[in-house]
Structure formats: structure tokens, C-alpha cells
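Residue numbers (the numbering used here), protein chains in the order written: chain P, 1 to 228; chain U, 1 to 228.
Heads up, the beta-carbon is just placed ideally off N, CA and C, and yes, glycines get one too.
Below: the structure, in C-alpha cells.
Protein chains: 2
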Amino acid sequence: TIVLRNVSKIYQTGENRVMALSGVDLTVSKGEILSVMGASGSGKSTMLNILGCLDAVTSGEYVLDGHRVSDLAPNELADIRNRKIGFVFQGFNLLPRTSALENVELPLLYDRSHRIKDPRKEAAAALERVDLGSRLDHIPSQLSGGQQQRVAIARALVTRPAIILADEPTGNLDSRTSLEIMGLFQDLNREGVTILMVTHEPDIASFTERIIEMRDGMVIGDHRVLDR
Amino acid sequence: TIVLRNVSKIYQTGENRVMALSGVDLTVSKGEILSVMGASGSGKSTMLNILGCLDAVTSGEYVLDGHRVSDLAPNELADIRNRKIGFVFQGFNLLPRTSALENVELPLLYDRSHRIKDPRKEAAAALERVDLGSRLDHIPSQLSGGQQQRVAIARALVTRPAIILADEPTGNLDSRTSLEIMGLFQDLNREGVTILMVTHEPDIASFTERIIEMRDGMVIGDHRVLDR
Ligand SMILES: Nc1ncnc2c1ncn2[C@@H]1O[C@H](COP(=O)(O)OP(=O)(O)OP(=O)(O)O)[C@@H](O)[C@H]1O
Ligand SMILES: Nc1ncnc2c1ncn2[C@@H]1O[C@H](COP(=O)(O)OP(=O)(O)OP(=O)(O)O)[C@@H](O)[C@H]1O
Ligand SMILES: [Mg+2]
Ligand SMILES: [Mg+2]
């Protein structure tokens, strides 16, 4: 379970002060699949980064599975990131001089529990799942934009996380490939994985069960998707 | 006028051989506004990179305004890139430690003709045009994904190019911001700028007059958009 209570995030840049999140309250139960939508700059990525323990709140609190995240030690936070949360970044964040296979394998190499016994095999299987089984040895500059995005998706899946946070995972994908990715996310959700996805495409959001709307750093809407 | 005649592009990577383009023929007249659509990996970015003189054909020819591009010297190619063509990259390609303003100003600083007298003022005006006038001093990591994309668009406009090549320019933008960008492209087109845009969103493509469809490195469709 994910709980954000009155979370604000302020970025101070020289004299500029940007309130990226303002008084956000959000509860997400285990096994939900939901979308976050809103205008450019409305705080979607900021919120996802906080949920993924990649950034910290300025004020308010974030409780993940009963633990206040701000009370956790850095190594506990790193463990949570590695084991519980798979993240698909808006900008992909692939290592540029590293093959697709090694990019996907990387989170497993950081997993101190070593619960995945054969990281390379798992990484190859994750790339197969996103239809890139024939491109394992290509580095990002040798892949199209959409292919890079799918490598990023494979990397988010490979640790078998409990929660997937996906920031515009279909932004660079054609309709058919987008539908395949949504099918994959739905399959994972049926297996119990909680999925939060940022998208600006209503068609894509309609694959989820609940839509959170944001504007100017605030949650302004939260409703169930009624016909899917 | 843009003419591609029987253009192929092969990437050779170790033992892998990828035919990114295969026998592409395309003619684009001055003042057209068109979209390029197709599945992930179908060759759209490869074709746009060739048209933008950022990559070379493997075979076939590219004739731009009567000049065979392969006959041009490197400094002539660089001049064409700088003065005639504005490019919006799929991955934005902003300099990460450089402000929005300086990123947009950069192509003007490379323009040896110095036809723009006040580069900084023009760069600020271009950022205003994409509604980022209040963020001139922010570096890319201080901007949202969609804001970075708009900085990339402003950089493509600032040299007042004759041709704009935009690779998924709305992939990270919400619907309303996307419409504003399309309105901007239509305004530019009315002023005579030729616009080629890659998109996978049919709604966005409907703002253009002609749609090129690609599959597996080939042009498989080329039709006019009839009701706009
Ligand atoms: N530098 C490269 N080296 C090897 N292969 C490449 C290179 N650049 C592109 N490719 C391959 O060429 C094919 C076409 O790539 P391209 O980037 O043109 O596709 P695209 O249509 O833009 O796809 P997307 O919609 O995913 O952005 C893909 O299979 C891609 O992996
Ligand atoms: N590191 C930072 N420093 C300063 N401002 C920032 C930083 N990160 C984000 N911002 C600002 O905070 C606001 C929210 O950013 P965020 O990335 O969450 O928006 P978003 O909803 O994801 O937008 P998009 O749809 O364009 O990706 C924006 O105005 C952005 O410029
Ligand atoms: Mg974002
Ligand atoms: Mg592409």
C-alpha cells in the first residue's frame, strides 16, 4: 500500500521557486492499476519520482507498506528501490555504452538478496517479452526510440517488482506496440503487481482502472474507469 | 524541394546487418506539411536523419534544392543544416548543463552568415513562442519532459529554417500542449516553411496535408489527408 499525505515538493533554483507538488493526498492499494494524467509541468514525474524513492518530499509524508519512507536508512531505501519497485523513466535513462542485455541485467546485479539466480537469462527473457530478443547486443544508439523505450520497460520488469511506476511508457511507441505493452502490464497486474502509469493518451489510460488527474502540482481528479 | 531516389540505409554492427531503409522514393515540394507514420523500428528516424543531412545514404541519392547532397563538401553540408533545416530530435539532444536559453541560442552561434543580429533576443522570443518564457535560465534537469521537448522545438525554430524536420515532437506533450505546437507548425507552414513530422498519433497527423506510411524500411503508403 502506498499513501501520500499532504505532500509538497518545492524546487529552489537560484531565485526561482517552483512548487512542483502542492498538498497531494493519494492512496493506492496493492494490486491496483491506475493512470496519472495532466498537463506538461503539472507534477506527474515529480510524484512518480517520490513514489519510487528517487526523490524526497519537501513536506508531508510518504508511507510505503506501513513504513514512513523518510525514516528509512539509505541502504534500506536502496533495497526497496531494487526489490519492490520497477521504474520506467520518461527519458529511458539507459547506459549509453552498454548493450540492451546488460542494461536490463543491471538492477539484478545491484540486488543484494540475489533472489534471481541467473540474471543474464532473466534479462534475455525480459527483452523477449518486449519483442527485442533479436537485439540483445545492440547499444542504445543502435536502437530506435521505441526500441530503447522497450529496453527501459524490460529493465523495470526484470526484478519482478511488486510495484511498477511507468512514466509515459508508450510515448515513443506506435499504436500496435503500445497495445502490446498495455497487454503486458495488464498481465502483470493480474499476477498482483501494482501499476502506476503516467500517460497523456486517454486510449492508453482506458486500460487502467482508475485515473488520477493533476494540475499545477495538485490532484484535481480521481475517478474509476467505468467501461474498459 | 526534397527528392529521395531509391535510398537504402544499412547499419552493420559486428555480424548484425540491419536494413533500416530499403528502396525509398520520396518527393516533398516546398511549402508542404506532412507526417510520417509507422511501427517502431520501421525507419522513420533514419529517414529524417538522412533528410536532415545528419546521416548518409548507403545507396541511392538525396537531392535537396537541386543539389545532390553526397556531392557537397562538409562545410557546405554544415551550412545547409544550420540555415535551411531546423531539427527536433526524438530524444531532444539538449546540452544537459546548459540553460534553456543557451540551448536555443546555440544554432545561431554556429551560423556563419550571421543573418540573425541578436541571437539572445531571438532565442528568448522562440522560447516565448512555446510558452517557456519564464524558464529561460533552467537547465534540462530542472524542466519536465514536455518542457524539455518544447525547448527542443524552440531550438528548431530559432534559425528561421526553410524546412523543419520534427521527430515525434509531441510524444511527451499533453493534448492541449500538443495542439498548441501543431498550431505553431501550421502558422509556420502558412509562412512557407516545409514541415515533415514523425508521429504515431493519428490525431496529430490529421493536422498535416499528407501522410507517408512506413514499414520495415519501406514507404508503403502516401496519401493526402482529405478532411482537416
Ligand atoms: N546506428 C544504428 N545501428 C544499428 N541499427 C540501427 C541504428 N539506428 C537505427 N537502427 C535500426 O534501424 C531500424 C530503424 O530505426 P529507426 O530509428 O529509423 O526506427 P523508427 O521508425 O524511428 O522507430 P521508433 O518509432 O521506435 O522511433 C531499427 O531496427 C533500428 O534498431
Ligand atoms: N529539478 C528541478 N528543478 C526545478 N524545477 C523542476 C525540477 N524538476 C521539475 N521541475 C519543475 O516542476 C514542475 C513539475 O515537473 P514534472 O516533471 O513533475 O512535470 P510533468 O507533469 O511530469 O510534466 P511533463 O508532462 O512535461 O513530463 C515543472 O514546472 C518543472 O519544470
Ligand atoms: Mg513528466
Ligand atoms: Mg524513431
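Determine the DSSP secondary structure at E209/U, reduced to helix, strand or coil.
Here E209/U sits in coil by DSSP.
Are the C-beta atoms of Q186/U and some chain P residue less than 8 angstroms apart?
Not an interface residue.
Got a sec: is the Cβ-Cβ distance from E168/U to anything in chain P below 8 angstroms?
Answer yes: the Cβ-Cβ gap between E168/U and chain P drops below 8 angstroms somewhere.
Report the residue from S40/P, E102/P and A73/P whose alpha carbon sits nearest the alpha carbon of G145/U.
Checked all of S40/P, E102/P and A73/P; the closest Cα to G145/U is S40/P.
Report the neighbours of Q90/P on chain U: residues whose CB is nearer than 8 angstroms to its CB, in chain order.
Correct list: G145 and N172.
At 3 residues or longer, and completely inside the region 148-192 of chain P: list those beta strand (DSSP E) runs for me, N to C.
With a minimum length of 3 residues, the continuous beta strand (DSSP E) runs that stay inside the region 148-192 of chain P are 163-167.
Cβ of A39/P less than 8 angstroms from any chain U Cβ?
Yes, A39/P lies at the interface with chain U (some Cβ there is under 8 angstroms from its Cβ).
Could you tell me how far apart the beta carbons of L95/U and N103/U are, in whole angstroms, since I believe they sit closer than 8 angstroms?
Yes, L95/U and N103/U are in contact; Cβ-Cβ is about 6 angstroms, under 8 angstroms.
Excluding the five sequence neighbours on either side, which residues of its own chain have a C-beta within less than 8 angstroms of the C-beta of D111/U, listed in chain order?
If we look at D111/U and ignore the five residues flanking it on each side, its Cβ neighbours are N82, R83 and T159.
Quick check: is any heavy atom of ligand 3 less than 7 angstroms from the C-beta of S99/U?
Checking the Cβ of S99/U against ligand 3 gives no.
For a test of your reading of the model: does the CB of Q148/P fall under 7 angstroms from any non-hydrogen atom of ligand 2? Yes or no.
For ligand 2, not one heavy atom lies less than 7 angstroms from the Cβ of Q148/P.
Taking only heavy atoms of ligand 3 into account, decide whether any of them is closer than 7 angstroms to the Cβ of G145/U.
It does: the Cβ of G145/U is within 7 angstroms (strictly closer) of some heavy atom of ligand 3.
Tell me whether the beta-carbon of A56/U lies closer than 8 angstroms to the beta-carbon of G217/U.
No, the pair does not count as a contact, with Cβ atoms beyond the cut-off.
Hey, out of G221/U, M214/U, D222/U and R210/U, whose CA is closest to L34/U's CA?
With distances taken between Cα atoms, L34/U lies closest to R210/U.
For the 8 angstroms Cβ check, are there 3 or more pairs between the region 174-192 of chain P and the region 11-18 of chain P?
Judged by Cβ distances under 8 angstroms, the region 174-192 of chain P makes no contact with the region 11-18 of chain P, as fewer than three pairs qualify.
Mapping DSSP to helix, strand and coil, what is Q142/U?
It is helical.
Compute the beta-carbon to beta-carbon distance between V36/U and L196/U, rounded to the nearest angstrom, for a pair I have assumed lies under 8 angstroms.
Right, the Cβ-Cβ distance comes to about 6 angstroms (below 8 angstroms), so this counts as a contact.
Measuring CB to CB, does M214/P end up less than 8 angstroms from K44/P?
Yes, these two residues count as a Cβ contact at 8 angstroms.
Would DSSP call N16/P helix, strand or coil?
Three-state DSSP puts N16/P in a strand.
If you follow the alpha helix (DSSP H) that L136/U is in, where does it begin and where does it stop?
L136/U -> no alpha helix (DSSP H), and no H or E assigned at all.
Would you give the residue range spanned by the alpha helix (DSSP H) that L72/U belongs to?
Unbroken run through L72/U: none, as it is neither H nor E.
DSSP has V28/P in a bridge; who is on the other side?
V28/P pairs with I2/P.
Check for me: the alpha helix (DSSP H) holding R120/P runs from which residue to which?
Taken as a continuous stretch (DSSP letters only), the alpha helix (DSSP H) holding R120/P covers P119 to R129.
Can you give me the C-alpha to C-alpha distance between L77/P and P202/U, rounded to a whole angstrom?
If I take the Cα positions, the gap works out to 42 angstroms.
Relative to ligand 2, is the shortest distance from any of its heavy atoms to the C-beta of D216/P smaller than 7 angstroms?
For ligand 2, not one heavy atom lies less than 7 angstroms from the Cβ of D216/P.
For chain U, find out if any of its Cβ atoms is closer than 8 angstroms to the Cβ of H200/P; answer yes or no.
True, the Cβ-Cβ gap to chain U drops below 8 angstroms.
Run through chain P and tell me which residues come within less than 7 angstroms of S175/U, C-beta to C-beta.
Chain P residues near S175/U: H200.
At a cut-off of 7 angstroms, would you count S59/U as near ligand 1, judging by its Cβ distance to the nearest heavy atom?
Result no, Cβ not under 7 angstroms from ligand 1.
Since H138/P meets chain U, which of its residues come closer than 9 angstroms, beta carbon to beta carbon?
Chain U residues near H138/P: T13, N16 and V18.
Select from the region 42-62 of chain P all residues with a C-beta closer than 7 angstroms to any C-beta belonging to chain U, and list them in chain order.
Those would be S45, in chain order.
Look at the alpha carbon of V69/P and the alpha carbon of L4/P, and state the distance between them as a whole number of angstroms.
Whole-angstrom Cα-Cα distance: 10 angstroms.
Could you tell me which residues DSSP pairs with R215/U in its beta bridges?
DSSP lists M218/U as partners of R215/U.
Do Q90/P and N172/U have their C-beta atoms within less than 8 angstroms of each other?
Taking 8 angstroms as the Cβ cut-off, Q90/P and N172/U qualify as a contacting pair.
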